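Novice:
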Amino acid sequence: MPSSAKYIFVTGGVTSSLGKGIIAASLAKLLQARGYSVTIQKLDPYINVDPGTLNPYEHGECFVTEDGAETDLDLGHYERFLNVPTSQANNVTTGRIYQYVINKEREGAYLGKTVQVIPHITDEIKRRIKLLGNTGKYDIIITEIGGTVGDIESLPYIEAVRQLKWEPNFDCIVLHLTLVPYLATSGELKTKPTQHSVKQLLESGVQPDILALRTEHRLPEGVKEKVALFCNIAPKAVIQALDAETIYDVPLLMQEEELDKVVLDKLNLDYKKEPELTNWKEFLFKLKNPKQKVKIGLIGKYIELKDSYKSIAESIIHAGTKNQIQVELVWIHSEDIDEKNVSILLTPLDGILVAPGFGERGIEGKITAVKYARENKVPFLGICLGMQCAVIEFGRNVLGFTDAHSTEMYPETPYPVIYLMEEQRSITKKGGTMRLGAYPCKVKADSLAHQAYGKIDISERHRHRYEFNNKYLADYEKQGMTATGINPENNLVEIVEVANHPWFVGAQFHPEYKSTVTEPHPLFIDFVKASAVQSSVYNSQSSNSQTQTVNLKS
Ligand code: GLN
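By the working numbering, the letter at position 548 of the sequence shown is numbered 672, and the numbering carries on one by one without gaps.
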């Protein structure tokens, strides 16, 4: 039986980084707010089977879904906007498509036929596109095609869209996002790149149904009509996508442009009701009207590309907003931190977050930052490698375990306080072989984690190979670092906390993958709250010391 789900393909032209993911997520939000069940899929034209093996400098963070798929960071936006989990089926790469087709060819499934881009690769792309529709769970599926129209890599995807547009019983439209550049010297917004980009799509046989024009300045009168005329589109289907103060404004900007209504008209769907966006608007109000400011340091080694920590940065925004606190994130390169400069670099901070990561580079800077946070009682959140650094630091400096380390960085360490999980020992291949996705965890009563979550049974997403070595657990607990979160199935330590400290939590999992606009993550909420308390204490101390200085001078 053909699926009744309707599809919206989102393509991009002129340049990359126009924010297709945010436009797709914003449109999805509006349709969801009208009562439709919506999901978003990302098709990535690169040959990696998934982004799990990519260095964050390439495409930013790797986002992990509940079912353990390592995916493009746009899936993070989709979840944060929609508050609905995505899955492996929501992210497909060219690598995955080819791997599947080649495996089938080796099995002899093509019965002697020549295996070709058309129809075999395009058929497999179409099959993956339809998988989400066939679940019967969604009214509308938004499929974002990565890359820019005209790229060699994107061609099979555009061809698949062309074929689907002609397929009986397959209801779809194409939204094309382009750029209208502003020429400062002449003070003009130019539409020619958009016209060329649409021509390029037309050369591939695809007529876009809606155009979204990304622009720095409001489009002057007549621009929409001009673009409409040149691109065979009704003027009301030409949408202005104005640069926004925050990505969370975009759904409302799209609503002003009536993008949701244009889409529903084209798909022959009812408007149902006005979008229900009360919570969203409340979030935006709080975001823009903070009552307090705090500074949180994000210590990582990929900070040159902030997208490497996208979900963490967004989680901090969600958590701050919940408490009407504006968090200034101070990005600090872990390679820049050493024992001599640590207090200069970290003193201005109200909270310290040590980020996830892999490999040796910058590790000592992270460990030094943890030591500073622990000794100076600055609220601390360590995520994955950040939690492992907290364990290493405590081992070295409190338990006297000289050269304690993770066997990832120092295989011969005399104190392997973090070591390779049993199930990882025989694994030789890197792709998709970590401990990935959601696992249950039991939280100890009366811990900071328990206070935050307000419950004992939680589930969090993972992406790591190494873990706390339980051989040392008793030593740690005796001296004040306790395991307050444990996987009930295999006893793996999931959360550690330090006593006699205002707020010190290390999590082996990634809480940032589960924070959304409407449901900020409890650990981030409490971390930001603790940082706000620290900020008031710090500010009152420094204003006292200022008074003292003044007194001394007078
Ligand atoms: N490199 C560490 C591990 O594999 C931590 C991973 C992470 O921070 N995501 O266990």
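Heads up, the beta-carbon is just placed ideally off N, CA and C, and yes, glycines get one too. All figures in this text were calculated on a predicted structure; none of them were measured in a lab.
(1) Thinking C-alpha only, which one of 637, 414, 390 and 297 is nearest residue 193?
(2) Who are the near neighbours of residue 496 in its chain, counting only those whose CB is closer than 8 Å to its CB and skipping five residues on each side?
(3) Can at least three beta-carbon pairs, one atom from the region 225-236 and one from the region 194-208, be found at a separation below 8 Å?
(4) My parser needs the alpha helix (DSSP H) runs of 4 or more residues fully inside the region 310-398; what are they?
(5) Under a criterion of Cβ closer than 5 Å to any non-hydrogen atom of the ligand GLN, which residues qualify, in chain order?
(6) Nearest-angstrom Cα distance between residue 635 and residue 218?
(7) Apply the 10 Å Cβ neighbour rule to residue 384 and answer buried if 16 or more other Cβ atoms are within range, or exposed otherwise.
(8) So residue 608 and residue 568 are supposed to be a Cβ contact under 8 Å. How far apart are they, rounded?
(9) Give the range of the alpha helix (DSSP H) segment to which residue 280 is assigned.
(10) For the alpha helix (DSSP H) that contains residue 409, what are its first and last residues?
(11) Quick one: using the 10 Å Cβ neighbour count with 16 as the cut-off for buried, is residue 293 buried or exposed?
(12) Based on the DSSP secondary-structure assignment, which residues constitute the bridge partners of residue 606?
(13) In this structure, how does DSSP classify residue 540 when only helix, strand and coil are distinguished?
(14) From residue 597 to residue 507, what does the alpha carbon distance come to, in whole angstroms?
(15) In whole angstroms, what separates the C-alpha of residue 628 from that of residue 622?
(16) What are the residues that DSSP puts in a beta bridge with residue 215?
(17) Thinking residue 633 and residue 435 are a contact (beta carbons under 8 Å), I'd like their distance in whole angstroms, please.
(18) Using CA atoms only, rank isn't needed, just tell me which of 336, 582, 165 and 433 is closest to residue 351.
(19) Where does residue 333 land, buried or exposed, given buried means 16+ other C-beta within 10 angstroms?
(20) If distances are taken between C-alpha atoms only, which option among 374, 180, 204 and 320 comes closest to residue 143?
(21) Tell me the residue span of the beta strand (DSSP E) that contains residue 591.
(22) So residue 154 and residue 297 are in contact, right, with Cβ under 8 Å, and what is the actual spacing, rounded?
(23) Can you list, in chain order, the stretches of the beta strand (DSSP E) that have 3 or more residues and sit fully within the region 438-508?
(24) Using CA coordinates, which residue listed in 205, 245, 238 and 239 is at the minimum distance from residue 216?
(25) From the DSSP secondary-structure annotation, give me the bridge partner or partners of residue 585.
Specialist: If we stick to the structure as given:
(1) When each option's Cα is compared against that of residue 193, the closest is 637.
(2) The beta carbon of residue 496 lies closer than 8 Å to those of 466, 467, 470, 476 and 502 in the same chain, with the five residues before and after it left out.
(3) The region 225-236 and the region 194-208 do not touch, with fewer than 3 CB-CB distances between them shorter than 8 Å.
(4) For the region 310-398, whole alpha helix (DSSP H) runs of length 4 or above, ordered along the chain, are 316-327, 347-355, 374-380 and 383-390.
(5) Spelled out in chain order, the answer is 480, 482, 508, 509, 587, 588, 589 and 590.
(6) C-alpha separation (whole angstroms): 29 Å.
(7) Looking at its Cβ environment, which holds 16 or more other Cβ atoms inside 10 Å, residue 384 is buried.
(8) About 4 Å; that satisfies the 8 Å criterion.
(9) Its alpha helix (DSSP H) spans residues 279-290.
(10) Element bounds for residue 409: 402-412.
(11) With fewer than 16 Cβ atoms within 10 Å of its Cβ, residue 293 is classed as exposed.
(12) Answer is 621.
(13) In the three-state reduction of the DSSP assignment, residue 540 falls in the strand class, which pools E and B.
(14) For residue 597 and residue 507, the distance between alpha carbons rounds to 19 Å.
(15) If I take the Cα positions, the gap works out to 6 Å.
(16) 166, per the DSSP bridge assignment.
(17) Contact flag wrong, Cβ pair sits at about 12 Å.
(18) Closest by C-alpha distance to residue 351, out of 336, 582, 165 and 433, is 336.
(19) Residue 333 comes out buried.
(20) Of the listed residues, the one whose Cα sits closest to residue 143 is 374.
(21) That run of the beta strand (DSSP E) goes 590-592.
(22) About 15 Å; that fails the 8 Å criterion.
(23) The qualifying runs are 449-457, 475-478 and 504-507.
(24) Looking at the Cα atoms, 245 is the closest of the given residues.
(25) For residue 585, the beta-bridge partners assigned by DSSP are 562.
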